[in-house]
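Residue numbers (the working numbering): 19 to 183.
Beta carbons are placed, not taken as given, at the ideal position from N, Cα and C, and that holds for glycine.
Please read the structure below before turning to the comments.
Okay, structure coming up:
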């Protein structure tokens, strides 16, 4: 089995886990914007699953990997996230949401690191570009979660002198 196929199969497993995380935690978060963010990220992870499955199939047939036509909708969602107000949840609900958001942040961060290290390891330029694209997508997701966490910190005047990201 090629290195790229092994990398993509593990990535597929990670993306499925991420999708499941967002699905199972969507109803646990109380902040409406967090719920919407989780719905969005669940859909994005689902599209990553499909994308990676197609790449694995292309590897089986030695078909050329083309990632030019792919893209993410993060910019549109980021703009909406900026303009949408947080719901007026209780302090304790926001703290509970922050715990779940922190897990989401760490999952996305792990994906970024995995794709980054995998792209350094692989020698084929097209495979490197594919993995770099996946890393960039996950960086966008990480940024979405980070911004949401920052807004909840600010809403609750939680100036701890540090942010755990």
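So which of 21, 22, 39 has the shortest CA-CA distance to residue 126?
Counted from its first residue, the chain shown places residue 126 at position 108. Closest option to residue 126, judged by alpha-carbon separation, among 21, 22, 39: 39.
Alpha carbon of residue 46 to alpha carbon of residue 53, nearest angstrom
If you number the chain shown from 1, residue 46 lands on position 28. If you number the chain shown from 1, residue 53 lands on position 35. Each residue's Cα considered, the two are about 8 Å apart.
If I measure Cβ to Cβ from residue 60 and keep anything under 8 Å in the same chain, skipping five residues before and after, which residues do I get?
Counting from 1 along the chain shown, the entry for residue 60 is found at position 42. Excluding residues within five positions, the ones whose Cβ falls inside 8 Å are 37, 40, 41, 44.
Please identify the residue among 130, 171, 72, 132 whose C-alpha is closest to the C-alpha of residue 109.
To locate residue 109, count along the chain shown from 1; it is residue 91. When each option's Cα is compared against that of residue 109, the closest is 171.
Just tell me which of 139, 129, 144 has its CA closest to the CA of residue 153.
Numbered from its first residue, the chain shown carries residue 153 at position 135. Ranked by Cα distance from residue 153, the options 139, 129, 144 are led by 129.
Does DSSP classify residue 151 as helix, strand or coil?
Looking up residue 151 in the chain shown gives position 133. DSSP places residue 151 in the helix class (H, G or I) of the three-state scheme.
Between the Cα of residue 167 and those of 71, 117, 79, spot the shortest distance and give me the residue it belongs to.
For the purposes of this step, residue 167 is taken as residue 149 along the chain shown, with counting starting at 1. That would be 117, whose Cα lies nearest to the Cα of residue 167.
Would you mind stating whether residue 62 and residue 26 have Cβ atoms separated by less than 8 Å?
As a position in the chain shown, residue 62 is number 44, starting the count at 1. As a position in the chain shown, residue 26 is number 8, starting the count at 1. No.
Straight-line Cα distance separating residue 80 from residue 115
The sequence position of residue 115 within the chain shown is 97, counting from 1. The sequence position of residue 80 within the chain shown is 62, counting from 1. Computed Cα separation, rounded: 45 Å.
Beta-carbon proximity list for residue 56, same chain, < 7 Å, skipping 5 on both sides:
What you label residue 56 is simply residue 38 of the chain shown in a count that begins at 1. Cβ neighbours of residue 56 within its own chain (closer than 7 Å, five residues either side excluded): 40, 43, 44, 47.
Taking just the CA atoms, how far does residue 70 sit from residue 146?
Along the chain shown, one-based indexing puts residue 146 at 128. Along the chain shown, one-based indexing puts residue 70 at 52. Straight across, the Cα-Cα distance linking residue 146 with residue 70 is about 14 Å.
Length of the line joining the Cα atoms of residue 160 and residue 123:
As a first step, residue 160 is located in the chain shown; it is residue number 142 there, counting from the start. As a first step, residue 123 is located in the chain shown; it is residue number 105 there, counting from the start. Distance between residue 160 and residue 123, taken at the CA atoms: about 6 Å.
Answer with buried or exposed for residue 143, where buried requires no fewer than 16 other C-beta atoms within 10 angstroms of its C-beta.
Numbered from its first residue, the chain shown carries residue 143 at position 125. Under this definition residue 143 is an exposed residue.
Candidates 174, 21, 156: which alpha carbon is nearest residue 77's?
Stepping through the chain shown from its first residue, residue 77 is reached at position 59. Per the Cα distances, 21.
Go ahead and label residue 113 buried or exposed: buried means 16 or more other beta carbons lie within 10 angstroms of its beta carbon, across all protein chains shown.
Here residue 113 refers to the residue found at position 95 when the chain shown is read from its first residue. Looking at its Cβ environment, which holds fewer than 16 other Cβ atoms inside 10 Å, residue 113 is exposed.
Which same chain residues, not among the five before or five after residue 33, have their C-beta less than 7 Å away from its C-beta?
For the purposes of this step, residue 33 is identified with residue 15 of the chain shown, where counting begins at 1. Here residue 33 has 63, 66, 67, 70 as same chain residues with Cβ atoms under 7 Å from its own Cβ, once five neighbours each way along the sequence are excluded.
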